[in-house]
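Engineer: Read in order, the letters of the sequence shown correspond to residues 1 to 298 in this note's numbering.
Virtual Cβ for every residue (Gly too), placed ideally from N, Cα, C.
Since we're looking at a predicted model, the values are computed, not measured.
The structure that follows is given in the form of C-alpha coordinates.
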Amino acid sequence: MMKEPHPLLQLVLNDSGRLTMPVYYRDQQYCPTCLTKVLKSEDGSLAHLGEINQNTCRPSISVVVTKAIIEMLCDGEKIFVNPIRYRGRVLAPSVIFSPDTHTFKPFINTDYQPVGANWKSEKGYKLGLFYLKDRANSINKEEFDFIAVIDPKAMQKEFISAWSEVDEKNPLETLKQILRSKNNSSLWVKWPGKIEHAQKGNCNENYWFDYQSDNQEVNCTVSVVGIEGNSSGETIYRLQTLLKRKLNEYQLVRSLGTIMLLDNTGNMIPSNHPYFEVISKACINGVRDFVRQNPWVV
(Lines of atoms letter the chains of each structure in order from A; the text may use other names.)
(Lines give C-alpha, C1' and ligand atoms only; values in the text may rest on other atoms or scores of the structure.)
Protein backbone atom coordinates (compact mmCIF):
# COMPACT_ATOMS: atom_id res chain seq x y z
CA MET A 1 0.00 0.00 0.00
CA MET A 2 1.27 3.46 -0.90
CA LYS A 3 2.45 5.41 2.14
CA GLU A 4 1.71 9.05 2.84
CA PRO A 5 2.52 11.51 1.49
CA HIS A 6 1.46 10.53 -2.01
CA PRO A 7 4.51 10.66 -4.32
CA LEU A 8 2.94 13.33 -6.55
CA LEU A 9 2.27 15.50 -3.49
CA GLN A 10 6.00 15.58 -2.82
CA LEU A 11 6.49 17.79 -5.88
CA VAL A 12 6.86 21.57 -5.60
CA LEU A 13 7.17 24.49 -8.00
CA ASN A 14 10.59 26.12 -8.36
CA ASP A 15 11.35 29.80 -9.03
CA SER A 16 10.46 29.29 -12.71
CA GLY A 17 7.10 27.72 -11.90
CA ARG A 18 8.15 24.24 -12.98
CA LEU A 19 7.45 21.03 -11.09
CA THR A 20 10.43 19.55 -9.29
CA MET A 21 11.43 17.56 -6.23
CA PRO A 22 11.87 19.79 -3.17
CA VAL A 23 15.17 20.72 -1.55
CA TYR A 24 15.51 20.59 2.23
CA TYR A 25 15.07 23.96 3.89
CA ARG A 26 15.11 25.93 0.65
CA ASP A 27 12.56 28.74 0.91
CA GLN A 28 12.09 29.54 -2.80
CA GLN A 29 9.75 26.63 -3.58
CA TYR A 30 6.00 26.66 -3.75
CA CYS A 31 2.94 24.44 -3.35
CA PRO A 32 1.51 23.54 -6.80
CA THR A 33 -2.05 23.82 -5.46
CA CYS A 34 -2.11 27.13 -3.58
CA LEU A 35 1.27 28.63 -4.68
CA THR A 36 2.22 29.30 -1.04
CA LYS A 37 5.88 28.95 -0.08
CA VAL A 38 6.68 25.56 1.41
CA LEU A 39 9.59 23.95 3.22
CA LYS A 40 10.50 20.27 3.14
CA SER A 41 11.11 18.76 6.56
CA GLU A 42 13.30 15.77 7.37
CA ASP A 43 10.32 13.39 7.38
CA GLY A 44 9.60 14.33 3.75
CA SER A 45 6.44 16.35 4.41
CA LEU A 46 5.90 19.86 3.06
CA ALA A 47 5.14 22.63 5.53
CA HIS A 48 3.22 25.64 4.25
CA LEU A 49 4.52 28.99 5.48
CA GLY A 50 2.30 31.75 6.83
CA GLU A 51 -0.78 29.63 7.51
CA ILE A 52 -1.17 30.37 11.22
CA ASN A 53 -4.86 30.90 12.08
CA GLN A 54 -5.81 30.41 8.43
CA ASN A 55 -7.45 27.59 6.53
CA THR A 56 -4.73 25.16 5.49
CA CYS A 57 -4.21 24.17 1.89
CA ARG A 58 -5.56 20.82 0.70
CA PRO A 59 -2.92 19.69 -1.80
CA SER A 60 -4.50 18.28 -4.96
CA ILE A 61 -3.01 15.43 -6.98
CA SER A 62 -5.23 16.47 -9.90
CA VAL A 63 -3.62 19.92 -9.93
CA VAL A 64 -0.16 18.33 -10.09
CA VAL A 65 -1.27 16.14 -13.01
CA THR A 66 -2.73 19.05 -14.97
CA LYS A 67 0.32 21.22 -14.37
CA ALA A 68 2.55 18.40 -15.60
CA ILE A 69 0.46 18.25 -18.78
CA ILE A 70 0.78 22.00 -19.32
CA GLU A 71 4.52 21.81 -18.69
CA MET A 72 4.96 19.02 -21.24
CA LEU A 73 2.96 20.86 -23.89
CA CYS A 74 4.96 24.04 -23.27
CA ASP A 75 8.13 22.00 -23.79
CA GLY A 76 6.84 20.68 -27.13
CA GLU A 77 6.37 17.12 -25.89
CA LYS A 78 3.74 14.79 -27.30
CA ILE A 79 0.97 13.51 -25.04
CA PHE A 80 -1.02 10.37 -25.78
CA VAL A 81 -4.77 10.47 -26.47
CA ASN A 82 -6.66 7.31 -27.44
CA PRO A 83 -7.11 7.61 -31.22
CA ILE A 84 -10.41 7.39 -33.09
CA ARG A 85 -10.42 4.94 -36.01
CA TYR A 86 -13.28 4.10 -38.33
CA ARG A 87 -13.17 1.59 -41.19
CA GLY A 88 -9.40 1.83 -41.45
CA ARG A 89 -9.26 5.63 -41.24
CA VAL A 90 -7.73 7.62 -38.39
CA LEU A 91 -10.27 10.33 -37.51
CA ALA A 92 -8.41 11.63 -34.44
CA PRO A 93 -4.68 11.06 -33.79
CA SER A 94 -2.96 9.24 -30.95
CA VAL A 95 -0.98 12.26 -29.73
CA ILE A 96 -1.41 15.96 -29.11
CA PHE A 97 1.32 18.60 -29.02
CA SER A 98 1.61 22.36 -29.25
CA PRO A 99 3.58 23.90 -32.15
CA ASP A 100 6.80 25.74 -31.30
CA THR A 101 5.29 28.98 -32.55
CA HIS A 102 2.36 28.83 -30.12
CA THR A 103 2.26 30.58 -26.76
CA PHE A 104 0.47 28.04 -24.60
CA LYS A 105 -2.07 29.52 -22.19
CA PRO A 106 -4.25 27.34 -19.93
CA PHE A 107 -7.80 28.12 -18.83
CA ILE A 108 -8.08 28.60 -15.06
CA ASN A 109 -11.18 27.93 -12.96
CA THR A 110 -12.41 29.87 -9.91
CA ASP A 111 -10.14 27.82 -7.63
CA TYR A 112 -7.10 28.84 -9.70
CA GLN A 113 -6.73 25.29 -10.96
CA PRO A 114 -6.03 24.61 -14.66
CA VAL A 115 -9.12 23.19 -16.37
CA GLY A 116 -8.19 23.40 -20.03
CA ALA A 117 -6.27 25.03 -22.85
CA ASN A 118 -6.58 25.66 -26.57
CA TRP A 119 -4.22 26.19 -29.49
CA LYS A 120 -4.00 25.77 -33.26
CA SER A 121 -2.24 22.80 -34.80
CA GLU A 122 0.34 23.04 -37.55
CA LYS A 123 -2.45 22.25 -40.03
CA GLY A 124 -4.61 25.07 -38.71
CA TYR A 125 -7.07 23.00 -36.65
CA LYS A 126 -8.26 24.52 -33.39
CA LEU A 127 -7.71 22.08 -30.52
CA GLY A 128 -9.24 22.16 -27.06
CA LEU A 129 -7.87 20.15 -24.15
CA PHE A 130 -9.86 19.79 -20.93
CA TYR A 131 -9.21 18.00 -17.65
CA LEU A 132 -12.71 18.19 -16.19
CA LYS A 133 -15.47 16.19 -17.88
CA ASP A 134 -18.16 18.66 -16.83
CA ARG A 135 -16.14 21.49 -18.34
CA ALA A 136 -15.70 19.66 -21.65
CA ASN A 137 -19.42 18.86 -21.84
CA SER A 138 -20.60 22.40 -21.09
CA ILE A 139 -18.43 24.38 -23.52
CA ASN A 140 -19.49 25.49 -26.99
CA LYS A 141 -18.05 22.67 -29.06
CA GLU A 142 -18.47 24.66 -32.27
CA GLU A 143 -15.42 26.69 -31.22
CA PHE A 144 -13.12 23.68 -31.69
CA ASP A 145 -12.21 21.24 -34.45
CA PHE A 146 -10.82 18.71 -31.97
CA ILE A 147 -11.53 18.33 -28.25
CA ALA A 148 -9.57 15.97 -25.99
CA VAL A 149 -10.17 15.12 -22.34
CA ILE A 150 -7.51 13.80 -19.95
CA ASP A 151 -9.00 12.73 -16.63
CA PRO A 152 -6.58 13.44 -13.73
CA LYS A 153 -8.48 11.17 -11.32
CA ALA A 154 -8.26 8.22 -13.70
CA MET A 155 -4.59 9.05 -14.25
CA GLN A 156 -3.96 8.66 -10.51
CA LYS A 157 -4.93 4.98 -10.65
CA GLU A 158 -2.53 4.37 -13.52
CA PHE A 159 0.20 6.20 -11.63
CA ILE A 160 -0.20 3.98 -8.56
CA SER A 161 0.12 0.88 -10.73
CA ALA A 162 3.20 2.21 -12.54
CA TRP A 163 4.80 3.52 -9.34
CA SER A 164 4.90 0.06 -7.82
CA GLU A 165 6.92 -1.23 -10.78
CA VAL A 166 9.59 1.46 -11.22
CA ASP A 167 13.02 1.17 -9.61
CA GLU A 168 14.10 4.81 -9.70
CA LYS A 169 11.50 6.66 -7.65
CA ASN A 170 11.01 9.90 -9.57
CA PRO A 171 7.30 10.78 -9.38
CA LEU A 172 7.43 13.50 -12.04
CA GLU A 173 9.20 11.33 -14.60
CA THR A 174 6.86 8.40 -13.85
CA LEU A 175 3.83 10.64 -14.43
CA LYS A 176 5.25 12.06 -17.66
CA GLN A 177 6.01 8.57 -18.94
CA ILE A 178 2.36 7.59 -18.40
CA LEU A 179 1.23 10.71 -20.27
CA ARG A 180 3.54 9.88 -23.18
CA SER A 181 2.46 6.23 -23.38
CA LYS A 182 -0.78 4.45 -24.17
CA ASN A 183 -3.21 4.83 -21.25
CA ASN A 184 -6.90 4.65 -20.40
CA SER A 185 -7.22 8.18 -19.01
CA SER A 186 -7.56 10.13 -22.27
CA LEU A 187 -10.06 10.30 -25.10
CA TRP A 188 -11.38 12.48 -27.89
CA VAL A 189 -14.88 13.92 -27.49
CA LYS A 190 -14.93 15.82 -30.79
CA TRP A 191 -13.19 15.53 -34.15
CA PRO A 192 -13.97 16.84 -37.67
CA GLY A 193 -17.05 15.24 -39.17
CA LYS A 194 -18.25 13.68 -35.94
CA ILE A 195 -21.59 15.49 -35.73
CA GLU A 196 -22.19 15.66 -39.50
CA HIS A 197 -22.03 11.88 -39.88
CA ALA A 198 -24.16 11.08 -36.84
CA GLN A 199 -27.21 8.87 -37.15
CA LYS A 200 -29.97 9.95 -34.81
CA GLY A 201 -32.55 8.06 -32.79
CA ASN A 202 -35.06 9.62 -30.43
CA CYS A 203 -36.67 8.33 -27.27
CA ASN A 204 -39.36 10.33 -25.49
CA GLU A 205 -40.06 9.38 -21.89
CA ASN A 206 -42.27 10.74 -19.14
CA TYR A 207 -40.11 10.92 -16.04
CA TRP A 208 -41.14 11.84 -12.53
CA PHE A 209 -38.66 13.11 -9.96
CA ASP A 210 -39.00 11.35 -6.61
CA TYR A 211 -37.53 14.34 -4.85
CA GLN A 212 -39.60 17.05 -6.56
CA SER A 213 -43.26 17.89 -6.20
CA ASP A 214 -44.01 18.52 -9.88
CA ASN A 215 -43.83 15.99 -12.70
CA GLN A 216 -41.56 16.74 -15.60
CA GLU A 217 -41.42 15.38 -19.14
CA VAL A 218 -37.94 14.69 -20.47
CA ASN A 219 -36.99 14.43 -24.13
CA CYS A 220 -33.64 12.77 -24.87
CA THR A 221 -32.10 12.81 -28.35
CA VAL A 222 -29.22 10.44 -29.10
CA SER A 223 -26.62 10.48 -31.88
CA VAL A 224 -24.19 7.64 -32.64
CA VAL A 225 -20.93 9.52 -33.20
CA GLY A 226 -18.31 6.78 -33.15
CA ILE A 227 -17.73 3.03 -33.09
CA GLU A 228 -14.73 1.25 -31.60
CA GLY A 229 -13.66 -2.24 -30.61
CA ASN A 230 -11.89 -3.10 -27.38
CA SER A 231 -9.32 -5.79 -26.58
CA SER A 232 -12.11 -8.25 -25.71
CA GLY A 233 -13.67 -7.98 -29.17
CA GLU A 234 -16.68 -6.03 -27.91
CA THR A 235 -18.17 -3.16 -29.90
CA ILE A 236 -18.26 0.19 -28.12
CA TYR A 237 -20.73 2.79 -29.39
CA ARG A 238 -19.83 6.38 -28.60
CA LEU A 239 -22.98 8.42 -28.15
CA GLN A 240 -23.92 12.05 -27.77
CA THR A 241 -27.14 12.93 -25.94
CA LEU A 242 -29.13 16.13 -25.79
CA LEU A 243 -31.11 16.28 -22.56
CA LYS A 244 -32.64 19.47 -21.18
CA ARG A 245 -30.55 21.51 -23.66
CA LYS A 246 -27.30 19.99 -22.40
CA LEU A 247 -24.97 17.81 -24.47
CA ASN A 248 -23.25 14.83 -22.87
CA GLU A 249 -21.08 11.97 -24.08
CA TYR A 250 -21.73 8.30 -23.27
CA GLN A 251 -20.59 4.84 -24.30
CA LEU A 252 -22.78 1.77 -24.77
CA VAL A 253 -21.19 -1.68 -24.74
CA ARG A 254 -22.58 -5.21 -24.54
CA SER A 255 -20.41 -7.40 -22.32
CA LEU A 256 -21.16 -10.98 -21.24
CA GLY A 257 -24.80 -10.57 -22.24
CA THR A 258 -25.22 -7.32 -20.29
CA ILE A 259 -25.66 -3.88 -21.85
CA MET A 260 -23.60 -1.31 -19.94
CA LEU A 261 -23.99 2.46 -20.06
CA LEU A 262 -20.69 4.26 -19.42
CA ASP A 263 -19.63 7.89 -19.31
CA ASN A 264 -17.12 9.27 -21.80
CA THR A 265 -14.16 8.04 -19.74
CA GLY A 266 -15.44 4.47 -19.42
CA ASN A 267 -16.91 4.66 -15.92
CA MET A 268 -20.25 2.97 -15.23
CA ILE A 269 -23.28 5.27 -14.94
CA PRO A 270 -24.96 4.44 -11.59
CA SER A 271 -28.58 3.28 -11.71
CA ASN A 272 -29.53 5.97 -9.20
CA HIS A 273 -28.63 8.71 -11.68
CA PRO A 274 -31.81 10.87 -11.93
CA TYR A 275 -32.06 10.30 -15.70
CA PHE A 276 -30.62 6.78 -15.87
CA GLU A 277 -33.73 5.09 -17.34
CA VAL A 278 -34.34 7.87 -19.85
CA ILE A 279 -30.73 8.02 -21.07
CA SER A 280 -30.32 4.23 -21.10
CA LYS A 281 -33.47 3.62 -23.18
CA ALA A 282 -32.63 6.45 -25.56
CA CYS A 283 -29.08 5.15 -26.11
CA ILE A 284 -30.22 1.55 -26.69
CA ASN A 285 -32.93 2.64 -29.15
CA GLY A 286 -30.51 5.00 -30.89
CA VAL A 287 -27.96 2.20 -31.40
CA ARG A 288 -30.65 -0.20 -32.65
CA ASP A 289 -31.84 2.35 -35.21
CA PHE A 290 -28.26 3.01 -36.28
CA VAL A 291 -27.56 -0.71 -36.77
CA ARG A 292 -30.78 -1.18 -38.78
CA GLN A 293 -29.89 1.74 -41.05
CA ASN A 294 -26.21 0.81 -41.37
CA PRO A 295 -25.96 -3.00 -41.27
CA TRP A 296 -22.65 -2.96 -43.15
CA VAL A 297 -20.90 -0.99 -40.39
CA VAL A 298 -21.14 -3.62 -37.62
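Taking only the alpha-carbon atoms, compute the straight-line gap between H197 and V287 and give it to the nearest angstrom.
Structural biologist: Low confidence applies here, because H197 scores a pLDDT of 40, under 50, leaving its location unreliable; read the following figure in that light. Taking the straight line joining both Cα atoms gives about 14 angstroms.
Engineer: In this structure, what does DSSP give as the bridge partners for H48?
Structural biologist: Its beta-bridge partners are V38.
Engineer: For the alpha helix (DSSP H) that W191 lies in, which residues bound it at each end?
Structural biologist: Per DSSP, W191 belongs to no alpha helix (DSSP H) and is neither H nor E.
Engineer: Since L239 is in the beta strand (DSSP E), which residue starts that stretch and which ends it?
Structural biologist: Element bounds for L239: T235 to L243.
Engineer: Contact check, S181 vs F290 under 8 angstroms by CB: the rounded distance?
Structural biologist: Going by Cβ atoms, the distance from S181 to F290 rounds to 33 angstroms, so no, they are not a contact pair.
Engineer: Can you tell me whether R238 is buried or exposed? The criterion is at least 16 other CB atoms within 10 Å of its CB, across all chains shown.
Structural biologist: Buried.
Engineer: Do I150 and E98 come within 9 angstroms of each other at the CB atom, strictly closer than that value?
Structural biologist: It is Ser, not Glu, that sits at residue 98 in the sequence shown. Contact: no.
Engineer: Helix, strand or coil, according to DSSP, for G17 in the structure here?
Structural biologist: Coil.
Engineer: Provide the residue(s) that pair with F290 in DSSP beta bridges, ordered along the chain.
Structural biologist: Per DSSP, none; premise fails for F290.
Engineer: Going by DSSP, what residues sit across from G128 in a beta bridge?
Structural biologist: Answer is N118 and I147.
Engineer: In angstroms with no decimal places, state the Cα-to-Cα distance between Y207 and R292.
Structural biologist: Only weak support is given to the placement of Y207: the predicted model assigns it a pLDDT of 28, under 50, and the question is left unresolved by the model.
Engineer: Grouping DSSP H, G and I as helix and E and B as strand, with all else coil, what is I69?
Structural biologist: It is helical.
Engineer: When you compare only the Cα positions, how much space is there between L129 and A148?
Structural biologist: Straight-line Cα distance between these residues: approximately 5 angstroms.
Engineer: At which residues does the beta strand (DSSP E) containing T265 begin and terminate?
Structural biologist: Here T265 belongs to no beta strand (DSSP E), and DSSP marks it neither H nor E.
Engineer: Output yes or no for whether 9 angstroms exceeds the beta carbon distance between L357 and L9.
Structural biologist: Any question about residue 357 goes unanswered here, given that the chain covers just 1 to 298.
Engineer: Check whether the Cβ atoms of T33 and S60 sit closer than 9 angstroms, and answer yes or no.
Structural biologist: Yes, these two residues count as a Cβ contact at 9 angstroms.
Engineer: Got a sec? Which residues, its chain only, sit under 8 angstroms from C57 by beta carbon, not counting five neighbours each side?
Structural biologist: Closer than 8 angstroms at Cβ, skipping near neighbours: C31, T33, C34, T36, H48 and E51.
Engineer: Looking only at its own chain, which residues have a Cβ that is under 8 angstroms from the Cβ of L11, when we skip the five neighbours before and after it?
Structural biologist: Excluding sequence neighbours, L11 sits near L19, T20, M21, P22, P32, V64, P171 and L172.
Engineer: Measuring alpha carbon to alpha carbon, tell me which residue in K281, G226 and L242 is nearest R89.
Structural biologist: The shortest C-alpha separation from R89 is found at G226.
Engineer: Once DSSP output is grouped into helix, strand and coil, what is the label at L11?
Structural biologist: Three-state result, L11: coil.
Engineer: In angstroms with no decimal places, state the Cα-to-Cα distance between M72 and N118.
Structural biologist: Roughly 14 angstroms separates the two Cα atoms.
Engineer: Whose CA, out of E142, A162, T66 and V222, lies closest to the CA of N183?
Structural biologist: N183 has its Cα closest to that of A162, out of E142, A162, T66 and V222.
Engineer: Please state whether the Cβ-Cβ distance between C283 and L261 is less than 9 angstroms.
Structural biologist: It is a contact, given that the beta carbons lie within the stated cut-off.
Engineer: Please classify I84 as buried or exposed, where buried requires at least 16 other C-beta atoms within 10 Å of its C-beta.
Structural biologist: Buried.
Engineer: Taking the C-alpha atoms as reference points, what is the distance between K281 and G17?
Structural biologist: So the two alpha carbons sit approximately 49 angstroms from each other.
Engineer: Am I right that S62 and P152 are in contact with their C-beta atoms under 8 angstroms? What's the rounded C-beta distance?
Structural biologist: Yes, S62 and P152 are in contact; Cβ-Cβ is about 4 angstroms, under 8 angstroms.
Engineer: What distance in whole Å lies between the Cβ atoms of K126 and F144, which are believed to be in contact at a cut-off of 8 angstroms?
Structural biologist: Between K126 and F144 the Cβ distance is about 5 angstroms, and since that is below 8 angstroms, they are a contact.
Engineer: If C220 and L243 are in contact, beta carbons under 8 angstroms, what's the gap, nearest whole angstrom?
Structural biologist: With a Cβ gap of about 5 angstroms, C220 and L243 count as contacting.
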